[in-house]
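Engineer: Input: one structure, supplied below.
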Amino acid sequence: MGQPDNRVGEAGRLPPGQRPQRGWPVTHYGPVPRFRPERWEFRVFGATADGDKRCWNHEEFSALPYETVVADLHCVTKFSMLGQEWGGVRATTLLGLAPPAPETTHVMVWAEYGYSANLRLSDFDREDVLLATHRDGELLTAEHGFPLRLVVPHLYAWKGPKWVRGVEYMTADRRGFWEERGYHNVGDPWREQRYSYQEEPGEGPEL
Numbered sequence: 160m161g162q163p164d165n166r167v168g169e170a171g172r173l174p175p176g177q178r179p180q181r182g183w184p185v186t187h188y189g190p191v192p193r194f195r196p197e198r199w200e201f202r203v204f205g206a207t208a209d210g211d212k213r214c215w216n217h218e219e220f221s222a223l224p225y226e227t228v229v230a231d232l233h234c235v236t237k238f239s240m241l242g243q244e245w246g247g248v249r250a251t252t253l254l255g256l257a258p259p260a261p262e263t264t265h266v267m268v269w270a271e272y273g274y275s276a277n278l279r280l281s282d283f284d285r286e287d288v289l290l291a292t293h294r295d296g297e298l299l300t301a302e303h304g305f306p307l308r309l310v311v312p313h314l315y316a317w318k319g320p321k322w323v324r325g326v327e328y329m330t331a332d333r334r335g336f337w338e339e340r341g342y343h344n345v346g347d348p349w350r351e352q353r354y355s356y357q358e359e360p361g362e363g364p365e366l
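Residue numbers for the sequence shown follow our numbering, beginning at 160 and rising by one.
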């Protein structure tokens, strides 16, 4: 479930338990990776339609269609940033360039240091989901995910990793980094799906 269309005003745009945040706090697990453009590669692999993986170096990925999305960001630590302008490559563009196999149901988004976040394909395949390179017209800083972070506005922000390096198409669900450590497998802020003990049958694989 995403944000209902009839919500208006700042208060109405805040999911339960969230508060508005004016700045952008730095929150992440582990050190900030060093960006080496000559070594950077983005890949799509797993259950692709043709069975092959697709790879882009940094120059090639930067040449993909650039689009902007104005969307909110909801952190599970209870702050929300409203009306942010994100720029980058839409997830739908990526799915068009590297189509998943018909039996694909989920994706695993991989980032530096083996960090990962799992999503239902239906949550990834949305017009407002972005592989972001910019915020408010400026390149992301290293602390905020440069050169690439995933933005999934309708889910908690841990579902949008920083320093993304690839997407794996999956034919069954598998928990990512935080999902294995007690966070909810879906992460819908409007239902306050923060922790795995809140999961209902069918919302995630066994821990």
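We put the CB at the ideal spot given by N, CA and C, even for glycine.
Looking only at its own chain, which residues have a Cβ that is under 6 Å from the Cβ of C234, when we skip the five neighbours before and after it?
Structural biologist: The count along the sequence shown starts at 1 and reaches residue 234 at position 75. Excluding residues within five positions, the ones whose Cβ falls inside 6 Å are A316.
Engineer: If I measure Cβ to Cβ from A301 and keep anything under 6 Å in the same chain, skipping five residues before and after, which residues do I get?
Structural biologist: Against the sequence shown, residue 301 aligns to sequence position 142. If the five residues before and after A301 are omitted, its C-beta is found closer than 6 Å to the C-beta atoms of V191, all from its own chain and listed in chain order.
Engineer: What's the C-alpha gap between H343 and R178?
Structural biologist: The residue labelled residue 343 in the question sits at position 184 within the sequence shown. The residue labelled residue 178 in the question sits at position 19 within the sequence shown. Rounded to the nearest angstrom, the two C-alpha atoms are 20 Å apart.
Engineer: Assign Q243 to one of three DSSP states: helix, strand, or coil.
Structural biologist: Taking the first residue of the sequence shown as 1, we reach residue 243 at position 84. Strand, per DSSP.
Engineer: Would you kindly report the start and end of the unbroken alpha helix (DSSP H) that includes A250?
Structural biologist: Indexing the sequence shown from 1 puts residue 250 at position 91. Where A250 is concerned, the enclosing alpha helix (DSSP H) stretches over A250 to L256.
Engineer: When you compare the CB positions of L309 and A250, do they come within less than 9 Å of one another, or not?
Structural biologist: Here residue 309 is taken as the residue at index 150 of the sequence shown, counted from 1. Here residue 250 is taken as the residue at index 91 of the sequence shown, counted from 1. Yes, the pair counts as a contact, with Cβ atoms nearer than the cut-off.
Engineer: Can you list, in chain order, the residues of its chain with a C-beta nearer than 6 Å to that of W269? Leave out the 5 residues immediately preceding and following it.
Structural biologist: Numbered from 1 along the sequence shown, position 110 holds the residue referred to as residue 269. Excluding residues within five positions, the ones whose Cβ falls inside 6 Å are S275, R324 and G325.
Engineer: Residue range of the alpha helix (DSSP H) that S221 falls in?
Structural biologist: Within the sequence shown, numbered from 1, the residue matching residue 221 stands at position 62. From DSSP, the alpha helix (DSSP H) with S221 extends over H217 to S221.
Engineer: Bridge partners of H233, per DSSP?
Structural biologist: Along the sequence shown, one-based indexing puts residue 233 at 74. The partner list for H233 (beta bridge, DSSP) reads S239 and Y315.
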